[in-house]
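Asker:
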Amino acid sequence: NIYIYRLMRLGPIIKENTKITKFFSVIFGEEIMGLTIFPYIFIKTKDTTEDDAENNAEEDGIRYDHILNHEKIHYEQYKETLVVGYIIIYIINFFINLLYYRNINTAYRNILLEREAYEYMDDLEYLQSSKCYSWLLKY
Numbered sequence: 011n012i013y014i015y016r017l018m019r020l021g022p023i024i025k026e027n028t029k030i031t032k033f034f035s036v037i038f039g040e041e042i043m044g045l046t047i048f049p050y051i052f053i054k055t056k057d058t059t060e061d062d063a064e065n066n067a068e069e070d071g072i073r074y075d076h077i078l079n080h081e082k083i084h085y086e087q088y089k090e091t092l093v094v095g096y097i098i099i100y101i102i103n104f105f106i107n108l109l110y111y112r113n114i115n116t117a118y119r120n121i122l123l124e125r126e127a128y129e130y131m132d133d134l135e136y137l138q139s140s141k142c143y144s145w146l147l148k149y
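In the working numbering, the protein residues as written are 11 to 149.
Here it is, written out as structure tokens:
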């Protein structure tokens, strides 16, 4: 499909401060700073006022650009696995981890796709040098 091909070449569509992150924050009971649902990246940014404009780049010790990088890594993983593969791998890996760890947060953090994204979210140059399927080969 030409539409999917164009989306994969153009890059993610970034949406800031949408109801999507608020919705998932309520569902999971903790603040969701970013979420990738191909081809969109939904990301929460701190509200800017004149008083706190200097601190706007950082929220709870996590910088906006690092959260965005984490979500861009997921976007690339979606492309590598042709979108549907990402969803299948994510869900199956989560449930296997849940059986193994018996803890939702630990199961989530040990999903192969999440491990790569968390490990390299602070390396803003990672996507220029990463190899295809590195999330699979590394773990």
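Glycine included, each C-beta is placed from N, C-alpha and C at the ideal position.
Below 7 Å CB to CB, which residues in the same chain sit around E124 once its five sequence neighbours on both sides are set aside?
Answerer: The answer, listed in chain order, is Y118.
Asker: My output table needs one value for A63: the three-state DSSP class, helix, strand or coil.
Answerer: No answer about A63 holds up, because its pLDDT of 46 lies below 50 and its placement is not dependable.
Asker: Can you give, in chain order, each stretch of the alpha helix (DSSP H) that sits fully within the region 89-121 and has at least 4 residues?
Answerer: Whole alpha helix (DSSP H) segments, 4+ residues: 94-111 and 114-119.
Asker: Using DSSP bridges, identify the partner residues of F175.
Answerer: Nothing can be reported for residue 175: it is not among the residues displayed for the chain, which extend from 11 to 149.
Asker: Here's the rule I'm using: 16 or more other beta-carbon atoms within 10 Å means buried, otherwise exposed. How should G44 be labelled?
Answerer: Classification for G44: buried.
Asker: Excluding sequence positions up to five away, which residues of its chain have a Cβ less than 6 Å from the Cβ of I23?
Answerer: So the qualifying residues of the chain are P49 and Y50.
Asker: Can you tell me the Cα-Cα spacing of Y85 and R16, whole angstroms?
Answerer: About 14 Å.
Asker: Does the region 79-97 come close enough to the region 124-135 to have 3 or more Cβ pairs within less than 8 Å?
Answerer: With a cut-off of 8 Å, the region 124-135 and the region 79-97 count as touching, because enough Cβ pairs lie within range.
Asker: Quick one: grab the DSSP three-state call for M18.
Answerer: Here M18 sits in helix by DSSP.
Asker: Hey, E26 and T46: beta-carbon distance below 7 Å or not?
Answerer: No, the pair does not count as a contact, with Cβ atoms beyond the cut-off.
Asker: Which residue's Cα is closest to the Cα of S144: K32, E90, R112 and I37?
Answerer: Among K32, E90, R112 and I37, the Cα nearest to that of S144 is on E90.
Asker: Evaluate F105 with the Cβ neighbour count: other Cβ atoms within 10 Å of its Cβ, from every protein chain shown; 16 or more gives buried, anything less gives exposed.
Answerer: Label assigned to F105: exposed.
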